[in-house]
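*Asks:* The numbering of the sequence shown is numbering that gives the first Met the number 0, which starts it at 0 and goes up by one. Before I ask anything, let me first share the structure, which is written out below as structure tokens.
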Amino acid sequence: MRWTLKPKPEAQKVAKLAQELGVEAPIATLLIQRDIDTFKKAKNFFRPSLDALHDPFLMKDMDKAVARIEQAIAQGENILVFGDYDVDGTTSVALMSSYLDTIHPQVATYIPDRYTEGYGVSYMGIDFAADNDMSLIIALDCGVKAIEKVAYAKEKGIDFIICDHHRPGDQLPDAFAILDPKREDCSYPYDELCGCGVGFKLISAIALSRKQNFEELLPYLDLVATAIGADIVPITGENRILAYHGLNVINQAPRAGFEAIIKQVKKETLTITDVVFIIGPRINAAGRMVHGNHAVTLLRETDLATATKFASEVEQYNSDRKEADKSITQQALDQIIENQEEGNKTTVVFQEDWHKGVIGIVASRLIETYYRPTLVFTRSGDKYAASARSVKGFDVYNALHECAEHIEQFGGHKYAAGLTLLPEQYEAFKAKFEEVVAASCDERLLVPEISIDSEINLADITPKFHRIIKQFAPFGPLNMSPTFMTKNLTDTGYGKKVGADQTHLKAAVVQNSRGSQIGCIGFNLGDKYDLITNKKPFMAAYAIDQNEWNGNVSLQLRLKDIK
0 MRWTLKPKPE
10 AQKVAKLAQE
20 LGVEAPIATL
30 LIQRDIDTFK
40 KAKNFFRPSL
50 DALHDPFLMK
60 DMDKAVARIE
70 QAIAQGENIL
80 VFGDYDVDGT
90 TSVALMSSYL
100 DTIHPQVATY
110 IPDRYTEGYG
120 VSYMGIDFAA
130 DNDMSLIIAL
140 DCGVKAIEKV
150 AYAKEKGIDF
160 IICDHHRPGD
170 QLPDAFAILD
180 PKREDCSYPY
190 DELCGCGVGF
200 KLISAIALSR
210 KQNFEELLPY
220 LDLVATAIGA
230 DIVPITGENR
240 ILAYHGLNVI
250 NQAPRAGFEA
260 IIKQVKKETL
270 TITDVVFIIG
280 PRINAAGRMV
290 HGNHAVTLLR
300 ETDLATATKF
310 ASEVEQYNSD
320 RKEADKSITQ
330 QALDQIIENQ
340 EEGNKTTVVF
350 QEDWHKGVIG
360 IVASRLIETY
370 YRPTLVFTRS
380 GDKYAASARS
390 VKGFDVYNAL
400 HECAEHIEQF
410 GGHKYAAGLT
420 LLPEQYEAFK
430 AKFEEVVAAS
440 CDERLLVPEI
450 SIDSEINLAD
460 ITPKFHRIIK
470 QFAPFGPLNM
480 SPTFMTKNLT
490 DTGYGKKVGA
500 DQTHLKAAVV
510 QNSRGSQIGC
520 IGFNLGDKYD
530 LITNKKPFMA
540 AYAIDQNEWN
550 GNVSLQLRLK
560 DIK
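Here you go:
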């Protein structure tokens, strides 16, 4: 592992903020690293207020979008709510359609089929709208680049309102309204909303224009928080406010679909991490294994008994997804060894019967073993389709661009992309991709990084310190759960390998051979046991956790690495 220590803020700034807030210097350091350097910013950070949300009408085209929806309602038009098959898309469709249902009886939903239609606005979806006399499509989490498809809809007399959060191309579609805070001509104060977040701003604007009480919109925040977590957008600004209050809804008054999922997993209180790893995969599994419509049906259901039935179906899809993911990952690992490619700078694997719905997950799994840019291919019709995943700091999209002569089509961003190519292009592409990465990827980027917030002493770790850190939640990009480093640790003599296969490390440590001891657990660090034997000094990178055992609660270090 490669350890990277974040720059230390100026001592004077740290001391000033620590005094203003009445906290210790390590807490003030963490806050300043997150650009929280005044009492007012700290107050907003620790007490996220819905009153701090921006006026939705500050978003470009919001007035046009609201006016067009009100016109559709007044004229009795049929409205189609369209969104992608992933978590952000399906939660957006559930949010928008269930809100519109309260003010208009003629609302339908549409999720494209992952395999026959692919990502984004589809011709089949537009044809469905035309065939069913729908004159307005509200597209969520997609559409900002759908120039030809929006033009096709216009020919059929269908208007588009686009709610997207992806960066637009040089040209915008000829839609009636385009809500996207990443538009260059949009001056909305916060541009990191997810698709569901943009959808929430639209229903907020409709509610505002109708003089509805904002409290009526709070039940929709469980969907927004789920999308924020699953789409891995920064947990800053409005996203932090929406995620914070959305988690409260999930834990105190969840919609029937979430309640049914939570009952199955038997978890009392969910964090944003639980939303990402428990709720998100189950919603995603429907689109991966069968169809995203199943997720929307679950999220729109209001009867708990019916939702429980739907949730058990989704649980089965997730179980099938896990089986496929596990099996394909093992086959891919075997293929790497069989082809003697362990020493490559890239991983590129293919098998024609691999399930297209899980190849992205498999690519991420392979990076856990071979930390390098990875592509997993399967057959899709008469072509090969792949999901690409990258390592921190390396732009896989640019690398694919360098290989464009061997690719039919590709799209995505720095860390994740998708592509298709003809079978006869595969070997040439594979060789070229390896060549491009070998020439352009810094060797250090092929070693996993631990980003360390701050170096602290064990004496800094007190119950108050931990209580304050817990209030930094919800965690996510640009506000990750803090990782610390401490030097001159020694085991008190009780260190050992634990677990059925002795893969984990358990210890109790002191610093500088004195002071209070604290317990440690290092998952998958059993092979580092020799570093702590015979009172050898070492340093550790870790997070601070609460450990409950036989009714006793104590703080412990969750080791990420030791040296």
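Just so it is clear, CB atoms sit at the ideal spot from N, CA and C, and this is done for glycine as well. A quick note: this is a predicted structure, and the numbers were derived from the prediction, not measured.
Count the other C-beta atoms from every protein chain shown that fall within 10 angstroms of the C-beta of residue 576, then say buried if there are 16 or more, exposed otherwise.
*Replies:* Past the edges of the chain, shown from 0 to 562, lies residue 576, and the structure says nothing about it.
*Asks:* Using 8 Å as the threshold, is the C-beta distance between residue 19 and residue 38 below it?
*Replies:* Your numbering for residue 19 matches position 20 in the sequence shown. Your numbering for residue 38 matches position 39 in the sequence shown. Cβ atoms of residue 19 and residue 38: closer than 8 Å.
*Asks:* Using only the alpha-carbon positions, how far apart do residue 389 and residue 443 sit?
*Replies:* Counting from one through the sequence shown, the residue named residue 389 turns up at place 390. Counting from one through the sequence shown, the residue named residue 443 turns up at place 444. Roughly 14 Å separates the two Cα atoms.
*Asks:* Specify the secondary structure class of residue 576 as computed by DSSP and reduced to three states.
*Replies:* Lying outside 0 to 562, the shown extent of the chain, residue 576 is not represented and no answer is given.
*Asks:* With distances taken Cα to Cα, identify the nearest neighbour of residue 257 among 279, 272 and 242.
*Replies:* Sequence index remark: in the sequence shown, residue 257 carries index 258 (1-based). Out of 279, 272 and 242, 279 has the C-alpha closest to the C-alpha of residue 257.
*Asks:* When burial is assigned at 16 or more other CB atoms within 10 Å of the CB, is residue 560 buried or exposed?
*Replies:* As a first step, residue 560 must be located in the sequence shown, where it is residue number 561. So residue 560 ends up on the buried side.
*Asks:* State whether the segment 493 to 503 contacts the segment 463 to 481, with contact taken as three or more CB pairs (one from each stretch) at a distance under 8 Å.
*Replies:* Output reads no: the segment 463 to 481 does not touch the segment 493 to 503.
*Asks:* According to DSSP, is residue 44 part of a helix, a strand, or is it coil?
*Replies:* On the sequence shown, position 45 is the one that residue 44 refers to. Reduced to three states, the DSSP call for residue 44 is helix.
*Asks:* On the DSSP letters alone, give me the boundaries of the alpha helix (DSSP H) that residue 209 sits inside.
*Replies:* As a first step, residue 209 must be located in the sequence shown, where it is residue number 210. Per DSSP, residue 209 belongs to no alpha helix (DSSP H) and is neither H nor E.
*Asks:* Three or more C-beta pairs under 8 Å: does that hold for the segment 405 to 412 against the segment 444 to 458?
*Replies:* Touching, no.
*Asks:* Check each candidate in 232, 254 and 315 and name the one with the smallest Cα separation from residue 300.
*Replies:* In the sequence shown, counting from the first residue as 1, residue 300 sits at position 301. Nearest of 232, 254 and 315 to residue 300, Cα basis: 254.
*Asks:* Using the beta-carbon count (16 or more within 10 Å), is residue 183 buried or exposed?
*Replies:* Translated into positions along the sequence shown, residue 183 becomes position 184. Under this definition residue 183 is an exposed residue.
*Asks:* From 513, 510, 476 and 523, pick the residue whose C-alpha is nearest to that of residue 495; which is it?
*Replies:* The count along the sequence shown starts at 1 and reaches residue 495 at position 496. Of the candidates 513, 510, 476 and 523, the one whose C-alpha sits nearest the C-alpha of residue 495 is 523.
*Asks:* How do the segment 118 to 129 and the segment 311 to 328 stand: do at least 3 beta-carbon pairs fall below 8 Å, yes or no?
*Replies:* Not touching, per the Cβ criterion.
*Asks:* What's the C-alpha gap between residue 47 and residue 259?
*Replies:* The residue labelled residue 47 in the question sits at position 48 within the sequence shown. The residue labelled residue 259 in the question sits at position 260 within the sequence shown. If I take the Cα positions, the gap works out to 28 Å.
*Asks:* Do the segment 139 to 151 and the segment 31 to 45 touch if we need at least three Cβ pairs shorter than 8 Å?
*Replies:* Short answer: they don't touch.
*Asks:* With DSSP as the reference, identify every bridge partner of residue 276, one or two as the case may be.
*Replies:* Numbered from 1 along the sequence shown, position 277 holds the residue referred to as residue 276. Note: residue 276 sits in no beta bridge, so no partner.
*Asks:* What is the DSSP secondary structure of residue 443, reduced to helix, strand or coil?
*Replies:* For this step, residue 443 is matched to residue 444 along the sequence shown. Three-state result, residue 443: helix.
*Asks:* How about residue 477 and residue 235: are their beta carbons less than 8 Å apart?
*Replies:* Taking the first residue of the sequence shown as 1, we reach residue 477 at position 478. Taking the first residue of the sequence shown as 1, we reach residue 235 at position 236. Yes, Cβ-Cβ distance for residue 477 and residue 235 is below 8 Å.
*Asks:* How would you call residue 237, buried or exposed, if buried means at least 16 neighbouring beta carbons within 10 angstroms?
*Replies:* Position 238 of the sequence shown, counted from the start, is the residue given in the question as residue 237. Buried: at least 16 other Cβ atoms inside 10 Å.
*Asks:* Over what stretch of residues does the alpha helix (DSSP H) that includes residue 91 continue unbroken?
*Replies:* As a position in the sequence shown, residue 91 is number 92, starting the count at 1. 86 to 100 is the extent of the alpha helix (DSSP H) around residue 91.
*Asks:* I'd like the span of the beta strand (DSSP E) that includes residue 542, first residue to last.
*Replies:* Against the sequence shown, residue 542 aligns to sequence position 543. Start and end: 537 to 548.
*Asks:* Let me know the alpha helix (DSSP H) ranges lying completely inside the segment 212 to 237, each 4 residues or longer, listed in chain order.
*Replies:* DSSP runs (the alpha helix (DSSP H)) wholly in the segment 212 to 237: 220 to 229.
*Asks:* Is the CB-CB distance between residue 90 and residue 225 below 8 Å?
*Replies:* For this step, residue 90 is matched to residue 91 along the sequence shown. For this step, residue 225 is matched to residue 226 along the sequence shown. Cβ distance < 8 Å, so residue 90 and residue 225 count as in contact.
*Asks:* To the nearest angstrom, report how far apart residue 164 and residue 427 are at their CA atoms.
*Replies:* Taking the first residue of the sequence shown as position 1, residue 164 is located at position 165. Taking the first residue of the sequence shown as position 1, residue 427 is located at position 428. About 35 Å.
*Asks:* Using only alpha-carbon positions, find the residue among 356, 161 and 193 that is nearest to residue 231.
*Replies:* Translated into positions along the sequence shown, residue 231 becomes position 232. Of the listed residues, the one whose Cα sits closest to residue 231 is 193.
*Asks:* Going by Cα to Cα distance, which pick from 311, 284, 446 and 181 is closest to residue 391?
*Replies:* What you label residue 391 is simply residue 392 of the sequence shown in a count that begins at 1. Of the candidates 311, 284, 446 and 181, the one whose C-alpha sits nearest the C-alpha of residue 391 is 446.
*Asks:* Within the continuous alpha helix (DSSP H) that includes residue 463, where are the two ends?
*Replies:* Position 464 of the sequence shown holds residue 463. Segment 462 to 469, the alpha helix (DSSP H) holding residue 463.
*Asks:* Tell me the DSSP bridge mates of residue 555?
*Replies:* In the sequence shown, the residue the question calls residue 555 occupies position 556. Answer by DSSP bridge pairing, in chain order: 518 and 544.
*Asks:* Smallest Cα separation from residue 433: which of 372, 424, 419 and 147?
*Replies:* Position 434 of the sequence shown, counted from the start, is the residue given in the question as residue 433. The shortest Cα separation from residue 433 among 372, 424, 419 and 147 belongs to 372.
*Asks:* Would you list the one or two residues that DSSP bridges to residue 355?
*Replies:* Here residue 355 corresponds to residue number 356 of the sequence shown, with the count starting at 1. According to DSSP, which records beta bridges pairwise, residue 355 is partnered with nothing at all.
*Asks:* Whose C-alpha, out of 460, 420, 115 and 546, is nearest the C-alpha of residue 291?
*Replies:* To locate residue 291, count along the sequence shown from 1; it is residue 292. Of 460, 420, 115 and 546, the residue nearest in Cα terms is 115.
*Asks:* Less than 8 Å separating the beta-carbons of residue 228 and residue 141?
*Replies:* Locating residue 228 in the sequence shown gives position 229, where the first residue counts as 1. Locating residue 141 in the sequence shown gives position 142, where the first residue counts as 1. Taking 8 Å as the Cβ cut-off, residue 228 and residue 141 do not qualify as a contacting pair.
*Asks:* Between the alpha carbons of residue 210 and residue 203, how many angstroms are there, rounded?
*Replies:* If you number the sequence shown from 1, residue 210 lands on position 211. If you number the sequence shown from 1, residue 203 lands on position 204. Answer to the nearest angstrom: the Cα atoms are 10 Å apart.
*Asks:* Who does residue 385 pair with in a DSSP beta bridge?
*Replies:* Walking along the sequence shown from the start, residue 385 turns up at place 386. In the DSSP output, where bridge partners are listed per residue, residue 385 has 376 and 418.
*Asks:* Round the Cβ separation of residue 283 and residue 83 to the nearest angstrom and send it over; I've been treating them as touching at under 8 Å.
*Replies:* Here residue 283 refers to the residue found at position 284 of the sequence shown. Here residue 83 refers to the residue found at position 84 of the sequence shown. Going by Cβ atoms, the distance from residue 283 to residue 83 rounds to 11 Å, so no, they are not a contact pair.
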